[in-house]
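Q: Chain order of the listed sequences is A and B. First residue of the first sequence? That's 707 in the working numbering, and the numbers climb one at a time after it. First residue of the second sequence? That's 707 in the working numbering, and the numbers climb one at a time after it. We put the beta carbon where it would ideally sit given N, CA and C, even for glycine. This one's a predicted model, so the numbers in the text were calculated from it and none came from an experiment. Supplied in structure tokens, the structure appears directly below.
Number of protein chains: 2
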Amino acid sequence: MTHPYASDYPIFYVTVDVVLFAIADGSLQVLVVERGEEPAGWALPGGFVNPDEDLRDAAERELAEETGVRPGDLPLEQLATYGAPDRDTRYLKPPAHARVVSVAWLSVLPELVQPQAGTDASSAVWRPVAEVLEEGLTFDHHRILRDAVARLQAKLDYTPVATAFLAGEFSLAELREVYEVVWGRELDPGNFQRKVRVADRIVEPTGRLRSSGRGRPAELFRPTVRAADVWRETGSG
Amino acid sequence: MTHPYASDYPIFYVTVDVVLFAIADGSLQVLVVERGEEPAGWALPGGFVNPDEDLRDAAERELAEETGVRPGDLPLEQLATYGAPDRDTRYLKPPAHARVVSVAWLSVLPELVQPQAGTDASSAVWRPVAEVLEEGLTFDHHRILRDAVARLQAKLDYTPVATAFLAGEFSLAELREVYEVVWGRELDPGNFQRKVRVADRIVEPTGRLRSSGRGRPAELFRPTVRAADVWRETGSG
DNA sequence: GCAAAAGTGTTCCAGGTACACCCATGC
DNA sequence: GCATGGGTGTACCTGGAACACTTTTGC
Chain A
707 MTHPYASDYP
717 IFYVTVDVVL
727 FAIADGSLQV
737 LVVERGEEPA
747 GWALPGGFVN
757 PDEDLRDAAE
767 RELAEETGVR
777 PGDLPLEQLA
787 TYGAPDRDTR
797 YLKPPAHARV
807 VSVAWLSVLP
817 ELVQPQAGTD
827 ASSAVWRPVA
837 EVLEEGLTFD
847 HHRILRDAVA
857 RLQAKLDYTP
867 VATAFLAGEF
877 SLAELREVYE
887 VVWGRELDPG
897 NFQRKVRVAD
907 RIVEPTGRLR
917 SSGRGRPAEL
927 FRPTVRAADV
937 WRETGSG
Chain B
707 MTHPYASDYP
717 IFYVTVDVVL
727 FAIADGSLQV
737 LVVERGEEPA
747 GWALPGGFVN
757 PDEDLRDAAE
767 RELAEETGVR
777 PGDLPLEQLA
787 TYGAPDRDTR
797 YLKPPAHARV
807 VSVAWLSVLP
817 ELVQPQAGTD
827 ASSAVWRPVA
837 EVLEEGLTFD
847 HHRILRDAVA
857 RLQAKLDYTP
867 VATAFLAGEF
877 SLAELREVYE
887 VVWGRELDPG
897 NFQRKVRVAD
907 RIVEPTGRLR
917 SSGRGRPAEL
927 FRPTVRAADV
937 WRETGSG
């Protein structure tokens with residue numbers, strides 16, 4: 707058998723891994739896939755970059771495959787690139803002699819979509835981030851997830867990304883819960899109201915109300931920017 | 707002729723590019739190399755990642771080759787990874803069929819070291835960032851430089867990276883000039899004093915004085931953290 | 001009425017900005 | 001002395017934190 711590609715240089719496989727967050731049951735969740743083959747265990751969803759595909763496009767494709775969401779409808783930010791020589795030893799032996807460099811991406815979904823049993827019949831499930839960080843992930847995905855959580859917490863401060871966790875119209879109490887879950891601490895409801903209402907480019911009122919059962923009905927809001935645009939990219943492509 | 711490496715997958719070449727900043731003549735400078743071969747023009751210093759080398763190690767090696775500074779003595783932060791399929795077309799033709807993915811890094815030097823005429827006899831020179839951004843760079847290096855400047859400006863706010871632009875002991879006026887040059891605006895000298903003195907983890911007094919000719923002599927300070935440690939990495943490896 | 005959740009008002013404090021002012025040197 | 005740059009004091013403003021209080025619903 708012959709190999710269609712040949713090189714005078716060592717082979718690098720380039721992959722993308724996606725850290726996909728959502729909120730459910732009052733805690734931050736991450737989509738992970740169960741690996742049957744060695745190394746067995748849980749891992750982040752990801753895959754090879756196609757020959758003529760931009761890095762961002764590869765991440766969008768992975769995201770769409772896992773969630774069924776149309777590419778371009780979710781926020782997607784480049785996190786970092788991980789390429790220690792021994793981070794994935796699966797292809798080190800002949801004939802590939804390849805090491806794997808992975809570009810990690812960060813995204814947010816407004817709800818727990820049922821993971822698609824896609825072309826690769828992946829067994830993707832949502833799990834609480836806290837549990838996953840405790841039990842670990844294969845490869846260096848534990849580190850990637852840690853970095854992703856830190857980035858998400860930081861970006862909540864100065865981008866409207868929190869709105870990407872919510873679908874359609876939402877109350878400020880629901881938005882506040884996003885911040886509380888991601889930051890792991892409670893916020894003052896009154897101060898939160900003012901801050902979000904006054905801030906430009908986060909939410910705008912719809913004029914409609916919704917009652918949550920008991921208590922005064924809440925005003926409803928929608929995001930000022932599309933979910934896919936909550937992050938202004940600095941680097942990618 | 708045979709090629710030692712073969713693959714069933716398309717070939718990716720993985721490189722590192724380094725955006726190296728310094729301050730001279732009252733403006734922000736960047737180290738660029740002149741390319742003789744096509745595409746001719748100015749480019750960022752960079753090169754291939756070696757087979758058994760971590761990405762960070764490759765960036766440190768490039769940095770050391772260009773500056774002569776010992777690896778590990780300079781701050782080095784991963785910026786982003788750039789991998790558009792057409793960003794470097796030099797190897798697209800047979801037999802390589804390779805595209806190039808580049809991991810960009812950001813560093814700061816305390817002075818204009820004479821660029822080393824290293825093994826590759828590179829013709830590296832320092833040039834003002836403003837000029838370079840105006841005239842452009844080859845490949846997508848213009849975009850990388852823009853992203854790097856934005857990152858540097860942001861990090862100045864909440865990391866002690868400004869001290870990495872200065873060698874040995876320095877006055878607060880010298881440190882203030884770093885901020886003024888990078889941010890492109892003047893700062894109030896009095897307020898700057900207080901803020902930097904009060905802030906933890908930026909500078910500590912040496913107790914010595916230095917006269918700049920006229921006026922009251924200035925107290926001298928040294929960085930609280932080593933230049934190589936001014937950035938706490940979130941992602942790399 | 002009472003409980004609960006939404007939303008507003010008010011007070012306090014920390015940190016930034018503007019700018020007046022004093023200090024220590026060279027000439 | 002005067003000019004020059006280093007360094008301090010102070011008044012003002014803004015934005016966040018704490019928390020009392022009012023509004024609007026279900027029961």
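Which word fits Ala827 (chain A), buried or exposed, when buried means at least 16 other C-beta atoms lie within 10 angstroms of its C-beta?
A: Sequence index remark: in the first sequence, residue 827 (chain A) carries index 121 (1-based). Bear in mind that the predicted position of Ala827 (chain A) carries a pLDDT of just 47, short of 50, making it too unreliable to give a figure here.
Q: Which runs of the beta strand (DSSP E), 3 residues or longer, sit entirely within the region 895-929 of chain B?
A: Taking only runs of at least 3 residues, the beta strand (DSSP E) segments lying wholly in the region 895-929 of chain B are 909-916 and 924-929.
Q: Could one say the Cβ of Pro866 (chain A) lies closer than 8 Å to chain B's Cβ atoms, at least one of them?
A: Here residue 866 (chain A) corresponds to residue number 160 of the first sequence, with the count starting at 1. Taking Cβ atoms only, chain B never reaches closer than 8 Å to Pro866 (chain A), which makes this a no.
Q: Tell me, to the nearest whole angstrom, how far the beta carbon of Val775 (chain B) is from that of Gly789 (chain B); I am working on the premise that it is less than 8 Å.
A: By one-based count along the second sequence, residue 775 (chain B) stands at place 69. By one-based count along the second sequence, residue 789 (chain B) stands at place 83. With a Cβ gap of about 28 Å, Val775 (chain B) and Gly789 (chain B) do not count as contacting.
Q: At 8 Å on the CB atoms, spell out the chain A contacts of Gly789 (chain B), in chain order.
A: Along the second sequence, read from residue 1 onward, the residue named residue 789 (chain B) stands at position 83. In chain order: Val720, Val755, Asp760, Leu761, Val809 and Gly943.
Q: In the structure shown, what three-state DSSP assignment does Tyr719 (chain A) receive?
A: As a first step, residue 719 (chain A) must be located in the first sequence, where it is residue number 13. Strand at Tyr719 (chain A).
Q: Using a Cβ-Cβ cut-off of less than 9 Å, give me the residues of the region 776-788 of chain A that come near chain B, in sequence order.
A: Listed by position, the residues of the region 776-788 of chain A near chain B (Cβ gap below 9 Å) are Gln784, Leu785, Ala786, Thr787 and Tyr788.
Q: Is the beta carbon of Glu892 (chain A) closer than 8 Å to that of Glu886 (chain A)?
A: Residue 886 (chain A) sits at position 180 when you count from the first residue of the first sequence. Residue 892 (chain A) sits at position 186 when you count from the first residue of the first sequence. Their beta carbons are under 8 Å apart, which means Glu886 (chain A) touches Glu892 (chain A) by this criterion.
Q: Does the CB of Ile717 (chain B) have a neighbour CB from chain A at under 8 Å?
A: To locate residue 717 (chain B), count along the second sequence from 1; it is residue 11. Chain A contact via Cβ: present.
Q: Assign Tyr719 (chain B) to buried or exposed, taking buried as 16 or more other Cβ atoms, counted over all protein chains shown, within 10 Å of its Cβ.
A: The residue given as residue 719 (chain B) occupies position 13 in the second sequence. Buried.
Q: As a quick exercise: from A:Gly778, A:Glu766, A:Leu843 and A:Val809, pick the residue whose alpha carbon is nearest that of Ala746 (chain A).
A: Here the question's residue 746 (chain A) lines up with position 40 in the first sequence. The candidate whose alpha carbon is nearest that of Ala746 (chain A) is A:Leu843.
Q: Based on DSSP bridge pairs, tell me the residues matched to Phe754 (chain A).
A: Numbered from its first residue, the first sequence carries residue 754 (chain A) at position 48. DSSP output for Phe754 (chain A) lists A:Thr721 as bridge partner(s).
Q: Would you mind stating whether Val902 (chain A) and Leu872 (chain A) have Cβ atoms separated by less than 8 Å?
A: Indexing the first sequence from 1 puts residue 902 (chain A) at position 196. Indexing the first sequence from 1 puts residue 872 (chain A) at position 166. No, they are not a contact pair.
Q: Report the option in A:Ala810, A:Glu817, A:Ala860 and A:Glu772 whose CA atom is closest to the CA atom of Ala870 (chain A).
A: To locate residue 870 (chain A), count along the first sequence from 1; it is residue 164. When only C-alpha atoms are compared, the closest one is A:Glu817.
Q: Check this for me: beta carbons of Val909 (chain A) and Val867 (chain A), under 8 Å apart or not?
A: Within the first sequence, the letter at position 203 stands for residue 909 (chain A). Within the first sequence, the letter at position 161 stands for residue 867 (chain A). Contact flag unset, no.
Q: Does the Cβ of Lys799 (chain B) have 16 or more other Cβ atoms within 10 Å, making it buried, or fewer, making it exposed?
A: Reading the second sequence from its first residue, position 93 is the one you call residue 799 (chain B). Exposed is the call here.
Q: Less than 8 Å between C-beta atoms, sequence neighbours within five positions excluded: which residues of the same chain meet that for Glu759 (chain B)?
A: Counting from 1 along the second sequence, the entry for residue 759 (chain B) is found at position 53. Answer for Glu759 (chain B): Arg767, listed in chain order.
Q: Mapping the DSSP letters down to three states, classify Glu875 (chain A) as helix, strand or coil.
A: Stepping through the first sequence from its first residue, residue 875 (chain A) is reached at position 169. In this structure, Glu875 (chain A) counts as coil in the three-state DSSP scheme.
Q: Going by Cα to Cα distance, which pick from A:Pro716, A:Arg833, A:Asp846 and A:Thr912 is closest to Val755 (chain B)?
A: Within the second sequence, numbered from 1, the residue matching residue 755 (chain B) stands at position 49. Ranking A:Pro716, A:Arg833, A:Asp846 and A:Thr912 by Cα distance to Val755 (chain B) puts A:Pro716 first.
Q: Assign Arg741 (chain B) to one of three DSSP states: helix, strand, or coil.
A: As a first step, residue 741 (chain B) is located in the second sequence; it is residue number 35 there, counting from the start. Here Arg741 (chain B) sits in strand by DSSP.
Q: Taking Leu726 (chain A) as the reference, give the member of A:Glu841, A:Ala860, A:Pro791 and A:Val835 with the closest Cα.
A: In the first sequence, the residue the question calls residue 726 (chain A) occupies position 20. Measuring from the Cα of Leu726 (chain A), the nearest candidate turns out to be A:Val835.
Q: Can you tell me whether Gln859 (chain B) is helix, strand or coil according to DSSP?
A: For the purposes of this step, residue 859 (chain B) is identified with residue 153 of the second sequence, where counting begins at 1. Looking at Gln859 (chain B) - three-state DSSP - the assignment turns out to be helix.
Q: Starting from Thr773 (chain A), trace the alpha helix (DSSP H) both ways and give me its first and last residue.
A: Here the question's residue 773 (chain A) lines up with position 67 in the first sequence. Unbroken alpha helix (DSSP H) run through Thr773 (chain A): Leu761 to Thr773.
Q: Considering just the uninterrupted stretch of the beta strand (DSSP E) at Val835 (chain B), what are its terminal residues?
A: Walking along the second sequence from the start, residue 835 (chain B) turns up at place 129. Val835 (chain B) -> not in any beta strand (DSSP E); alpha helix (DSSP H) instead, spanning Val835 to Glu841.
Q: By the 10 Å Cβ neighbour count, where 16 or more other Cβ atoms means buried, how is Thr795 (chain B) classified, buried or exposed?
A: The count along the second sequence starts at 1 and reaches residue 795 (chain B) at position 89. Exposed: under 16 other Cβ atoms inside 10 Å.
Q: Just mark Gly874 (chain A) as buried or exposed, buried being the case when its beta carbon has 16 or more other beta carbons within 10 Å.
A: Residue numbering aside, residue 874 (chain A) sits at position 168 when the first sequence is read from its first letter. Exposed, by the Cβ-count rule.
Q: Would Ala827 (chain B) count as contacting chain A if we go by Cβ distances under 8 Å?
A: Here residue 827 (chain B) corresponds to residue number 121 of the second sequence, with the count starting at 1. Here Ala827 (chain B) scores only 47 on pLDDT, less than 50, and its place in the model should not be relied on; the value that follows carries that caveat. With 8 Å as the cut-off, Ala827 (chain B) does not count as an interface residue toward chain A.
Q: Determine the contact status of Trp937 (chain B) and Thr865 (chain B), defining contact as a CB-CB distance below 8 Å.
A: Along the second sequence, read from residue 1 onward, the residue named residue 937 (chain B) stands at position 231. Along the second sequence, read from residue 1 onward, the residue named residue 865 (chain B) stands at position 159. Cβ atoms of Trp937 (chain B) and Thr865 (chain B): closer than 8 Å.
Q: Going by other Cβ atoms of all chains shown within 10 Å of its Cβ, with 16 needed for buried, is Leu915 (chain A) buried or exposed?
A: Numbered from its first residue, the first sequence carries residue 915 (chain A) at position 209. The residue in question, Leu915 (chain A), is exposed, as its Cβ has fewer than 16 Cβ neighbours within 10 Å.
Q: Return the residue from the list A:Arg849, A:Leu780 and A:His848 that minimises the CA-CA distance to Ala933 (chain A).
A: By one-based count along the first sequence, residue 933 (chain A) stands at place 227. When only C-alpha atoms are compared, the closest one is A:Leu780.
Q: From Asp792 (chain B) to Glu771 (chain B), what does the alpha carbon distance come to, in whole angstroms?
A: Counting from one through the second sequence, the residue named residue 792 (chain B) turns up at place 86. Counting from one through the second sequence, the residue named residue 771 (chain B) turns up at place 65. Using only the alpha carbons, I get a separation of about 28 Å.
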